[in-house]
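S.K.: This is the structure, below, for whatever I ask next.
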Amino acid sequence: MSSESFGEGPVVTAFGGGHGLAASLRALRRVTSRITAVVTVADNGGSSGRLREEFSCLPPGDLRRALAALCADDRVGRTWAEVLQARFHGDGELAGHAIGNLLIAGLWQELGDPVAGLDMVGELLGTRGRVLPMSLVPLDISAEVIGLDPMRPDETYTLTGQSTVAKTMAEVLTVHLDPANPPACPQAVEAIRESDYLVLGPGSWFTSVIPHLLVPEIADAIIESRAHKILTLNIAPTEETDGFSPARHLEVLAEHEARIRFDTILADRGFAGEDAHLASYARNLGAELVEADLAARWSPPSGAATAWPPRCGRCAG
Numbered sequence: 002m003s004s005e006s007f008g009e010g011p012v013v014t015a016f017g018g019g020h021g022l023a024a025s026l027r028a029l030r031r032v033t034s035r036i037t038a039v040v041t042v043a044d045n046g047g048s049s050g051r052l053r054e055e056f057s058c059l060p061p062g063d064l065r066r067a068l069a070a071l072c073a074d075d076r077v078g079r080t081w082a083e084v085l086q087a088r089f090h091g092d093g094e095l096a097g098h099a100i101g102n103l104l105i106a107g108l109w110q111e112l113g114d115p116v117a118g119l120d121m122v123g124e125l126l127g128t129r130g131r132v133l134p135m136s137l138v139p140l141d142i143s144a145e146v147i148g149l150d151p152m153r154p155d156e157t158y159t160l161t162g163q164s165t166v167a168k169t170m171a172e173v174l175t176v177h178l179d180p181a182n183p184p185a186c187p188q189a190v191e192a193i194r195e196s197d198y199l200v201l202g203p204g205s206w207f208t209s210v211i212p213h214l215l216v217p218e219i220a221d222a223i224i225e226s227r228a229h230k231i232l233t234l235n236i237a238p239t240e241e242t243d244g245f246s247p248a249r250h251l252e253v254l255a256e257h258e259a260r261i262r263f264d265t266i267l268a269d270r271g272f273a274g275e276d277a278h279l280a281s282y283a284r285n286l287g288a289e290l291v292e293a294d295l296a297a298r299w300s301p302p303s304g305a306a307t308a309w310p311p312r313c314g315r316c317a318g
């Protein structure tokens with residue numbers, strides 16, 4: 002881990018996966034260098050899925066995105082971020098693989114330790130923070146859905162695989178992990194216990210956000226933590242939550258972990274403004290609702306300025 006990660010600022014642990022977590026990390030690195038990203042490890046599609054199947058390793062893709070988001074905001078850092086995200090072209094066996102995925106998988110093979118491999122990539126890139134998997138074993142996501150078959154709209158079906166669940170247009174009722182009750186990454190649990198702030202979301206609700214609450218040691222550490230807990234809602238429903246109101250997002254989160262409570266729920270005005278129930282649902286989770294203009298009007302480079310976090314009465318800074 003870069004020495005930059007020992008700079009000033011609160012100790013923050015952020016949870017998620019994919020583009021949502023990357024956006025959160027790019028914002029957080031503006032206010033602190035003491036960041037730990039805890040990343041889902043259930044991806045089974047694309048380059049990550051191919052490497053996972055071939056080498057029986059963790060899927061590296063979401064971990065790679067988090068590392069790229071934490072790259073130093075200088076010419077070298079931005080170049081490394083671009084290289085990590087770049088993919089091989091052509092029609093051969095390497096086609097479609099992200100360069101960063103191969104680097105991470107190669108280090109895992111050589112070191113035999115996923116955390117050590119991620120730390121080494123972080124040192125190479127000069128990342129501002131640390132990236133950890135939520136579990137040291139690859140996971141699968143399954144979902145109970147209705148509406149999959151238009152001829153049987155009330156019949157329940159089971160979908161398996163993160164890439165399938167994330168893209169479904171059926172209504173997702175619940176999600177589960179396989180194996181059930183997986184072991185947490187010990188370093189991730191330690192990071193939660195040492196944090197001043199915990200940030201969950203944004204991201205694909207059923208495949209990137211809720212899975213953290215399905216790992217018992219992670220869920221227990223979050224619930225028992227005295228850190229300020231922030232839930233960041235998406236700026237709009239994704240495919241797997243198509244038609245869900247902001248309040249419904251909170252409801253399904255609580256249905257999967259009834260003990261969860263937050264101090265602040267952060268919502269984009271454009272998404273939250275017409276939901277008359279959101280404030281009361283937030284209060285039910287112990288939280289103050291903070292509405293702000295969160296949607297980016299342009300695509301920022303790694304480390305670019307964003308408007309997070311907004312100031313509020315209960316959230317310092």
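In the working numbering, the protein residues as written are 2 to 318. For every residue, glycine included, the Cβ atom is placed at its ideal position computed from N, Cα and C.
Answer yes if the segment 203-220 comes into contact with the segment 180-189, meaning at least three C-beta pairs across the two stretches below 8 Å, and no otherwise.
M.R.: At 8 Å Cβ cutoff, the stretches touch.
S.K.: Identify which residue in ASP264, THR41 and THR161 has its Cα closest to the Cα of ALA67.
M.R.: Ranking the options by Cα distance to ALA67, first place goes to THR41.
S.K.: Identify the continuous beta strand (DSSP E) that holds PHE16 and give its terminal residues.
M.R.: 13-17
S.K.: Would you call the CB atoms of ASN45 and GLN163 closer than 7 Å?
M.R.: yes
S.K.: Given this structure, state the Cα-to-Cα distance separating TRP81 from THR128, to the nearest angstrom.
M.R.: 10 Å
S.K.: So if DSSP puts ILE224 in a beta bridge, which residue, or which two residues, is it bridged to?
M.R.: The partner list for ILE224 (beta bridge, DSSP) is empty, contrary to what the question assumes.
S.K.: Going by DSSP, what residue range makes up the alpha helix (DSSP H) through LEU52?
M.R.: 47-56
S.K.: At 3 residues or longer, and completely inside the segment 149-233: list those beta strand (DSSP E) runs for me, N to C.
M.R.: 157-161, 172-179, 198-201 and 229-233
S.K.: Mind listing, in chain order, the continuous beta strand (DSSP E) runs of no fewer than 3 residues lying wholly within the segment 93-153?
M.R.: Complete beta strand (DSSP E) runs here, min 3: 131-134 and 141-147.
S.K.: Where LYS230 and ARG262 are concerned, what is the direct C-alpha to C-alpha distance, given to the nearest angstrom?
M.R.: 8 Å
S.K.: What does a CB cutoff of less than 6 Å around VAL132 pick up in its chain, not counting 5 residues either side in sequence?
M.R.: ALA38, LEU64, ALA67, LEU68 and LEU119
S.K.: Could you check if ARG270 is buried or exposed, using at least 16 other CB atoms within 10 Å of its CB as the buried criterion?
M.R.: Under this definition ARG270 is an exposed residue.
S.K.: Do you know offhand how far LEU52's Cα is from ALA106's?
M.R.: 8 Å
S.K.: Determine, using beta carbons only, whether LEU199 and ALA228 come nearer to each other than 7 Å.
M.R.: With contacts defined by Cβ atoms closer than 7 Å, LEU199 and ALA228 form a contacting pair.
S.K.: Can you tell me whether SER25 is buried or exposed? The criterion is at least 16 other CB atoms within 10 Å of its CB, across all chains shown.
M.R.: It is buried - the Cβ of SER25 has at least 16 other Cβ atoms within 10 Å.
S.K.: What separation, rounded to the nearest whole angstrom, lies between the Cα atoms of ALA259 and ASP276?
M.R.: 22 Å
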